[in-house]
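Engineer:
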Ligand code: UTP
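Residue numbers (the numbering used here): 6 to 297.
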């Protein structure tokens with residue numbers, strides 16, 4: 006089996022939790038300080054050596070295609086004004102050696118359907134899926150961590166983390182053959198189980214390495230939870246034929262698809278920002294320090 010060269014970014018969802026901000030703007034373009042959420046995910050994939058970035062976009066997501074395109078007018082303007090630092094920032098939007106490919110998902114029929122839209126471009130090779138809403142902040146790119154697990158075990162790998170039991174209804178949740186360990190073989194997976202029905206508190210969090218066999222199961226999908234074609238259901242079928250591993254990644258996860266998670270990411274990454282981090286931290290400690 007080949008190495009991971011392609012990453013799929015399903016970004017065709019409605020982003021309804023951020024309305025009205027997402028009425029015309031894709032939620033993936035919301036910035037954490039000065040960088041759009043989607044750019045963090047693309048940089049994570051590029052750090053794993055991935056060269057082909059496949060975006061599954063919807064009608065209101067043209068800004069994402071524009072963001073990863075060359076901005077001739079802006080670049081010329083910055084050159085003529087001598088703003089070379091800014092020019093470098095604009096040029097670095099697209100990591101070196103990376104191709105961006107855009108596919109339209111005509112209707113938001115679910116994450117499983119969005120991934121299936123990438124089949125013609127991915128072809129018969131293993132690939133990564135990154136949900137940009139899950140911003141994973143670690144010293145090593147989580148996609149790189151998972152690609153390393155894939156390269157060793159040569160089977161699909163899902164990024165997982167422990168969540169509070171009462172939160173299982175927001176995630177795909179796995180059961181595993183062992184009760185502990187960073188890498189475990191998955192024995193079952195269910196989408197958004199109620200806490201009382203959840204097989205564990207190990208939740209799948211926005212990162213997948215999948216073998217191309219997943220496409221056959223995606224093609225056979227019937228609408229599942231919330232009437233959508235669920236990636237979880239295709240993975241459930243896949244693991245009857247192949248090993249699928251759960252990998253507990255090393256990184257802090259921010260759920261940027263949710264207002265509170267987004268604000269947490271903004272504060273924490275803002276405090277570490279190289280330009281304004283120190284001033285922002287001072288501001289927070291002066292403004293919100295507990296009284297002496
Ligand atoms: P979410 O469940 O977060 O949905 O999708 P959403 O529409 O983006 O956001 P809310 O809940 O309305 O606020 C999980 C991921 O799957 C993608 C989304 O873009 C997101 O990255 N997705 C979902 C698609 O690309 N197509 C779909 O049909 C559904």
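Using N, Cα and C, we set each Cβ at its ideal position, and we do this for glycine too.
#1: If you measure between the beta carbons of residue 177 and residue 194, is that distance less than 8 Å?
#2: At the level of alpha carbons, what is the spacing between residue 143 and residue 257?
#3: Using a 10 Å radius around the Cβ and a threshold of 16 neighbouring Cβ atoms, would you call residue 7 buried or exposed?
#4: Just to confirm before moving on: does the CB-CB distance between residue 42 and residue 119 stay below 8 Å?
#5: When you compare only the Cα positions, how much space is there between residue 104 and residue 88?
#6: Which same chain residues, not among the five before or five after residue 187, have their C-beta less than 6 Å away from its C-beta?
#7: Between which two residues does the beta strand (DSSP E) containing residue 177 stretch?
#8: For residue 264, which of 97, 139 and 108 has the nearest alpha-carbon?
#9: Which residue wins for smallest C-alpha separation from residue 223, given the options 213, 77, 238 and 14?
#10: If we define contact as Cβ-Cβ less than 8 Å, is residue 245 a contact residue for chain C?
#11: Below 8 Å, can you find three or more Cβ-Cβ pairs linking the region 151-162 to the region 225-235?
#12: Less than 7 Å between the CB of residue 238 and some heavy atom of the ligand UTP, yes or no?
Structural biologist: In short, the structure shows the following:
#1: The count along the chain shown starts at 1 and reaches residue 177 at position 172. The count along the chain shown starts at 1 and reaches residue 194 at position 189. Contact flag set, yes.
#2: Working through the chain shown from its first residue, we reach residue 143 at position 138. Working through the chain shown from its first residue, we reach residue 257 at position 252. C-alpha separation (whole angstroms): 6 Å.
#3: For the purposes of this step, residue 7 is taken as residue 2 along the chain shown, with counting starting at 1. Classification for residue 7: exposed.
#4: Sequence index remark: in the chain shown, residue 42 carries index 37 (1-based). Sequence index remark: in the chain shown, residue 119 carries index 114 (1-based). Result no, Cβ atoms of residue 42 and residue 119 do not sit closer than 8 Å.
#5: Within the chain shown, the letter at position 99 stands for residue 104. Within the chain shown, the letter at position 83 stands for residue 88. Answer to the nearest angstrom: the Cα atoms are 26 Å apart.
#6: What you label residue 187 is simply residue 182 of the chain shown in a count that begins at 1. Non-local beta-carbon contacts of residue 187 in its own chain, meaning distances under 6 Å to residues more than five positions away in sequence, involve 253 in chain order.
#7: Numbered from 1 along the chain shown, position 172 holds the residue referred to as residue 177. Here the beta strand (DSSP E) through residue 177 covers 177-181.
#8: Taking the chain shown and counting its residues from 1, one reaches residue 264 at position 259. Checked all of 97, 139 and 108; the closest Cα to residue 264 is 139.
#9: Along the chain shown, one-based indexing puts residue 223 at 218. Answer by Cα proximity: 238.
#10: Note that chain C does not occur in the displayed structure, where there is just one protein chain.
#11: Output reads no: the region 225-235 does not touch the region 151-162.
#12: If you number the chain shown from 1, residue 238 lands on position 233. Checking every heavy atom of the ligand UTP against the Cβ of residue 238, none is found closer than 7 Å.
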